[in-house]
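**Q**
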Amino acid sequence: MSIDTTAEQAQQELLEEFELFDNWMDRYQYIIDLGKQLPDFPDEWKCDEHKIQGCQSNVWMRHRLEEGRLHFDAISDAAIVSGLIAVLLRIYSDRPPAEIRDTQPDFLAALGLDKHLSPTRSNGLHAMLNRIYEVAERAAA
Amino acid sequence: MSDLAAPAEATVLDVARVRRDFPILDREVHGKPLIYLDNAATSQTPIQVIDCLDDYYRRLNANIHRGLHTLADEATAAYEGSRDKVRDFLGAADRREIVFTRGTTEAINLVANGWGRAHLRAGDEVLVSRMEHHSNIVPWQLLAEELGIVIRVIPVDERGVLDLAAYRTLFSERTKLVAVNHVSNAFGTINPVRELAEEAHRHGALILVDGAQATPHQVVDVQAIGADFYAFSGHKVYGPTGIGALYGRLELLEAMRPWQGGGEMIATVSFEAGTTYAPVPHKFEAGTPAIAEGVALGAALDWVTATGLEAIGAWEDQLLRRATLGVSRIDGLRLLGTAPDKAGVLSFVVDGAHAQDIGLLIDQLGVAIRTGHHCAQPLLAQFGVDATCRASFAAYNTLDEVDAFVAALERVIGMVR
Numbered sequence: 001m002s003i004d005t006t007a008e009q010a011q012q013e014l015l016e017e018f019e020l021f022d023n024w025m026d027r028y029q030y031i032i033d034l035g036k037q038l039p040d041f042p043d044e045w046k047c048d049e050h051k052i053q054g055c056q057s058n059v060w061m062r063h064r065l066e067e068g069r070l071h072f073d074a075i076s077d078a079a080i081v082s083g084l085i086a087v088l089l090r091i092y093s094d095r096p097p098a099e100i101r102d103t104q105p106d107f108l109a110a111l112g113l114d115k116h117l118s119p120t121r122s123n124g125l126h127a128m129l130n131r132i133y134e135v136a137e138r139a140a141a
Numbered sequence: 001m002s003d004l005a006a007p008a009e010a011t012v013l014d015v016a017r018v019r020r021d022f023p024i025l026d027r028e029v030h031g032k033p034l035i036y037l038d039n040a041a042t043s044q045t046p047i048q049v050i051d052c053l054d055d056y057y058r059r060l061n062a063n064i065h066r067g068l069h070t071l072a073d074e075a076t077a078a079y080e081g082s083r084d085k086v087r088d089f090l091g092a093a094d095r096r097e098i099v100f101t102r103g104t105t106e107a108i109n110l111v112a113n114g115w116g117r118a119h120l121r122a123g124d125e126v127l128v129s130r131m132e133h134h135s136n137i138v139p140w141q142l143l144a145e146e147l148g149i150v151i152r153v154i155p156v157d158e159r160g161v162l163d164l165a166a167y168r169t170l171f172s173e174r175t176k177l178v179a180v181n182h183v184s185n186a187f188g189t190i191n192p193v194r195e196l197a198e199e200a201h202r203h204g205a206l207i208l209v210d211g212a213q214a215t216p217h218q219v220v221d222v223q224a225i226g227a228d229f230y231a232f233s234g235h236k237v238y239g240p241t242g243i244g245a246l247y248g249r250l251e252l253l254e255a256m257r258p259w260q261g262g263g264e265m266i267a268t269v270s271f272e273a274g275t276t277y278a279p280v281p282h283k284f285e286a287g288t289p290a291i292a293e294g295v296a297l298g299a300a301l302d303w304v305t306a307t308g309l310e311a312i313g314a315w316e317d318q319l320l321r322r323a324t325l326g327v328s329r330i331d332g333l334r335l336l337g338t339a340p341d342k343a344g345v346l347s348f349v350v351d352g353a354h355a356q357d358i359g360l361l362i363d364q365l366g367v368a369i370r371t372g373h374h375c376a377q378p379l380l381a382q383f384g385v386d387a388t389c390r391a392s393f394a395a396y397n398t399l400d401e402v403d404a405f406v407a408a409l410e411r412v413i414g415m416v417r
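First to last, the protein sequences are chains A and B.
Taking the UniProt record's numbering, the leading residue of the first sequence gets 1, the next gets one more, and so forth.
Taking the UniProt record's numbering, the leading residue of the second sequence gets 1, the next gets one more, and so forth.
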């Protein structure tokens, strides 16, 4: 989904999309709608190996390396987390491992997500980010 | 309401007046007026309690019990005065039966370690209900690991009500203790603790009642219940955090070994002659306690008593009924915990809307509810869920807030589906 852009550009695009909304209820609605458009994540992928701990909802994430790019699939049984997954995948999926590793999650602060979805709310955002960076770190090594 | 709370004609609560006592209710969240419905986790604090804490540090602050100076004397009098208030609040016979703890959790751990270690042997049985908070499960599991005691689980039916017939069959000659809550924190079920106590005593077992969720909603009389131990937390009954109490029958406390050692809990300490302990309750209160919080707990109990627990309970019943009716109209919403006797808690799940989504989104509308397992995973597992939404009510909540909560809930469910 991100072949033509860089992670940097993807972050910029998201920022512009979020600026269309002047309140957080609308931003949440947008996040939820992004989540609804995630590609299918078959039930057989929902195994312990793919499960990410530390979330109030269930989150599964799998990855594969294809032609030098890391592709992630993920899903949650919660709508906002699925939306956050969609945001993360736009920035991080289908990119070279080194680019993923070196991409700082600046969008969290820029979108105000760090305030609204702080790690203490156990929404799984940081657990997902950690998994993405771990995978990229291993693949880039 | 349970039969123990009781009076048919409770005085009517002046909610507008009650609300004026809670400065936090004036604040906004995300630009919306705060609607605080997480009272089962912690209740808000009236100005009388805040003033008491403030006054303590301005006028009284000193370490208690051993000082000869005036501040120490006055601080001790205030702290020990709170013990009398707790005694009256629980209907205990003797002030020595009240041990201050950090809260319910520490009180239960005190019983497990002080009484349990002294009296339980491998193979002895403790009955614990499936609807317990983790704080009334894990201390017994720790003892089971160490001492080889056996935990037997009192089952819960599909309404979230204890199965009393099954309860009666769980006793054996090895049953030494029943550990149950008075009111379930996850579902709000009021348990018939007097009957549970009678049955326990018939079999020669003791009963420990976790009263954390009962004390904010109804008059408790530990003697009428026949409780051997009764625990509660200050911060759920309009008091400060970090303070609570254990009631224990005097003869039981006197026979118990101290759990924590330190200052305050000794009579004399000697390397040669050994150490003797202070009389109860002080032998269980090692170290400098939460003095300010202890004093302010007294102010909280004063506030609750003056406001009237019967009136509070009756008002919360109205709130709960209104909320139950309101959410029942929402398509795909399933209530968990439909016991005939409930206090203050509405627990539910919604088809197609995860509890986490509801909790996050409804917060944007200024409504504070709790989502998750409520530290009652065994109970939730029985109902096939790992998280619920829980709205819980207190004296200062209004019917308008309940209606706003229901409307907000409908709105956020619509966003997610």
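Cβ coordinates follow ideal geometry from the N, Cα and C atoms, glycine included.
None of the values given here were measured: they were computed from a predicted structure.
Near B/Gly211, what residues of its chain come up, given a Cβ to Cβ distance below 7 Å and the 5 sequence neighbours on each side ignored?
**A** Here residue 211 of chain B refers to the residue found at position 211 when the second sequence is read from its first residue. Same-chain partners within the cutoff: His182, Val220, Tyr230, Ala231, Phe232.
**Q** Under a three-way DSSP split, which group does B/Phe405 fall into?
**A** For the purposes of this step, residue 405 of chain B is identified with residue 405 of the second sequence, where counting begins at 1. Helix, per DSSP.
**Q** Closer than 8 Å, CB to CB, is A/Ala78 near chain B or not?
**A** Translated into the one-based positions of the first sequence, residue 78 of chain A becomes position 78. Judged by the 8 Å Cβ criterion, A/Ala78 is in contact with chain B.
**Q** With 16 other CB atoms within 10 Å as the buried threshold, where does B/Ser328 fall?
**A** By one-based count along the second sequence, residue 328 of chain B stands at place 328. Exposed, because fewer than 16 other Cβ atoms sit within 10 Å of the Cβ of B/Ser328.
**Q** Give the DSSP bridge partners of B/Phe100, in chain order.
**A** Locating residue 100 of chain B in the second sequence gives position 100, counting from the first residue. Paired residue(s): B/Ala245.
**Q** Is it right to say B/Phe89 is buried, meaning 16 or more other beta carbons lie within 10 angstroms of its own, or is it exposed?
**A** For the purposes of this step, residue 89 of chain B is taken as residue 89 along the second sequence, with counting starting at 1. Looking at its Cβ environment, which holds 16 or more other Cβ atoms inside 10 Å, B/Phe89 is buried.
**Q** Which residues in chain A have a C-beta closer than 8 Å to the C-beta of B/Ala286? List them in chain order.
**A** Taking the second sequence and counting its residues from 1, one reaches residue 286 of chain B at position 286. In chain order: nothing, as chain A lies at least about 32 Å away.
**Q** Measure from the C-beta of B/Pro7 to each C-beta in chain A and report whether the shortest distance is under 8 Å.
**A** Within the second sequence, residue 7 of chain B is the residue found at index 7, counting from 1. The predicted model places B/Pro7 with a pLDDT of 47, which falls under 50 and marks its position as unreliable; any figure quoted below should be read in that light. Not an interface residue.
**Q** Output, in chain order, the set of chain A residues within a Cβ distance shorter than 8 Å of B/His30.
**A** Along the second sequence, one-based indexing puts residue 30 of chain B at 30. Simply Trp24.
**Q** Looking only at its own chain, which residues have a Cβ that is under 7 Å from the Cβ of A/Arg27, when we skip the five neighbours before and after it?
**A** Your numbering for residue 27 of chain A matches position 27 in the first sequence. Here the set comprises Phe18, Phe21.
**Q** On the CB-based measure, 16 or more other CB atoms within 10 Å of its CB, does A/Arg138 come out buried or exposed?
**A** Start at 1 with the first residue of the first sequence, and residue 138 of chain A comes out as number 138. That one is exposed.
**Q** Can you name, in chain order, every residue of its own chain whose Cβ lies under 7 Å from the Cβ of B/Arg417, other than the five neighbours on each side?
**A** Numbered from its first residue, the second sequence carries residue 417 of chain B at position 417. So the qualifying residues of the chain are Gly352, Ala353.
**Q** Does B/Ala6 pass the burial test, meaning 16 or more other C-beta atoms within 10 Å, or should it be called exposed?
**A** Walking along the second sequence from the start, residue 6 of chain B turns up at place 6. With a pLDDT of only 45 at B/Ala6, under 50, the local geometry of the prediction cannot be trusted, and the value read off the model is given with reservation. Answer is exposed; the Cβ neighbour count stays below 16.
**Q** Taking the alpha-carbon positions, what's the B/Tyr247 to B/Glu97 distance?
**A** Counting from 1 along the second sequence, the entry for residue 247 of chain B is found at position 247. Counting from 1 along the second sequence, the entry for residue 97 of chain B is found at position 97. For B/Tyr247 and B/Glu97, the distance between alpha carbons rounds to 5 Å.
**Q** For the segment 340–368 of chain B, enumerate the residues whose C-beta is nearer than 7 Å to any C-beta of chain A, in chain order.
**A** Taking 7 Å as the Cβ-Cβ cut-off against chain A, the residues of the segment 340–368 of chain B that qualify are His354, Gln356, Asp357, Leu360, Leu361, Gln364.
**Q** Output, in chain order, the set of chain B residues within a Cβ distance shorter than 9 Å of A/Tyr30.
**A** The residue labelled residue 30 of chain A in the question sits at position 30 within the first sequence. Within chain B, no residue comes near A/Tyr30; the closest Cβ sits about 10 Å away, beyond 9 Å.
**Q** Are the beta-carbon atoms of B/Tyr277 and B/Phe22 separated by less than 8 Å?
**A** Taking the second sequence and counting its residues from 1, one reaches residue 277 of chain B at position 277. Taking the second sequence and counting its residues from 1, one reaches residue 22 of chain B at position 22. Their beta carbons are not under 8 Å apart, which means B/Tyr277 does not touch B/Phe22 by this criterion.
**Q** Please identify the residue among B/Gln364, B/Leu399, B/Glu272 whose C-alpha is closest to the C-alpha of B/Val29.
**A** By one-based count along the second sequence, residue 29 of chain B stands at place 29. Of the listed residues, the one whose Cα sits closest to B/Val29 is B/Gln364.
**Q** Could you tell me whether the segment 110–119 of chain B touches the segment 253–266 of chain B, where touching means 3 or more Cβ pairs closer than 8 Å?
**A** As far as the Cβ criterion goes, the segment 110–119 of chain B touches the segment 253–266 of chain B, which means the pair count is three or higher.
**Q** On the three-state DSSP scale, how would you describe B/Gly81?
**A** Here residue 81 of chain B corresponds to residue number 81 of the second sequence, with the count starting at 1. It is helical.
**Q** Quickly, what does DSSP pair B/Glu28 with across the bridge? List them, please.
**A** Position 28 of the second sequence, counting from 1, holds the residue named residue 28 of chain B. B/Pro33, per the DSSP bridge assignment.
**Q** Could you check whether B/Lys176 and B/Val126 sit closer than 8 Å to each other, using their CB atoms as the reference points?
**A** Your numbering for residue 126 of chain B matches position 126 in the second sequence. Your numbering for residue 176 of chain B matches position 176 in the second sequence. For B/Val126 and B/Lys176, yes; Cβs fall inside 8 Å.
**Q** How many Å lie between B/Ser135 and B/Val209 at the Cα?
**A** Residue 135 of chain B sits at position 135 when you count from the first residue of the second sequence. Residue 209 of chain B sits at position 209 when you count from the first residue of the second sequence. Their Cα atoms are separated by approximately 12 Å.
**Q** CA-CA distance, B/Glu198 and B/Gly226?
**A** Translated into positions along the second sequence, residue 198 of chain B becomes position 198. Translated into positions along the second sequence, residue 226 of chain B becomes position 226. Using only the alpha carbons, I get a separation of about 7 Å.
**Q** Spatial neighbours of B/Ala292 within its chain, please: C-beta separation below 7 Å, excluding the five flanking residues on both sides.
**A** For the purposes of this step, residue 292 of chain B is identified with residue 292 of the second sequence, where counting begins at 1. Result list for B/Ala292: Leu53, Tyr56, Tyr57, in chain order.
**Q** For B/Thr42, collect the residues of the same chain with a Cβ closer than 8 Å to its Cβ; drop the 5 residues on either side in sequence, then sort them by chain order.
**A** In the second sequence, residue 42 of chain B corresponds to position 42, counting from 1. For B/Thr42, where only same-chain residues beyond five positions count, the Cβ hits under 8 Å are His235, Lys236, Thr241.
**Q** Report the CB separation of B/Leu319 from B/Val402 in whole angstroms; it is logged as a contact under 8 Å.
**A** Working through the second sequence from its first residue, we reach residue 319 of chain B at position 319. Working through the second sequence from its first residue, we reach residue 402 of chain B at position 402. That belief holds up - the Cβ atoms of B/Leu319 and B/Val402 are roughly 6 Å apart, short of 8 Å.
**Q** At which residues does the alpha helix (DSSP H) containing B/Thr42 begin and terminate?
**A** Translated into positions along the second sequence, residue 42 of chain B becomes position 42. Note, B/Thr42: premise wrong, no alpha helix (DSSP H); not H, not E.
**Q** Give the secondary structure of A/Glu134 by DSSP, where H, G and I count as helix, E and B as strand, and everything else as coil.
**A** Start at 1 with the first residue of the first sequence, and residue 134 of chain A comes out as number 134. Three-state result, A/Glu134: helix.
**Q** Rank B/Leu162, B/Asp26, B/Ile154 by C-alpha distance to the C-alpha of B/Leu170 and give the top, closest one.
**A** The sequence position of residue 170 of chain B within the second sequence is 170, counting from 1. The shortest C-alpha separation from B/Leu170 is found at B/Ile154.
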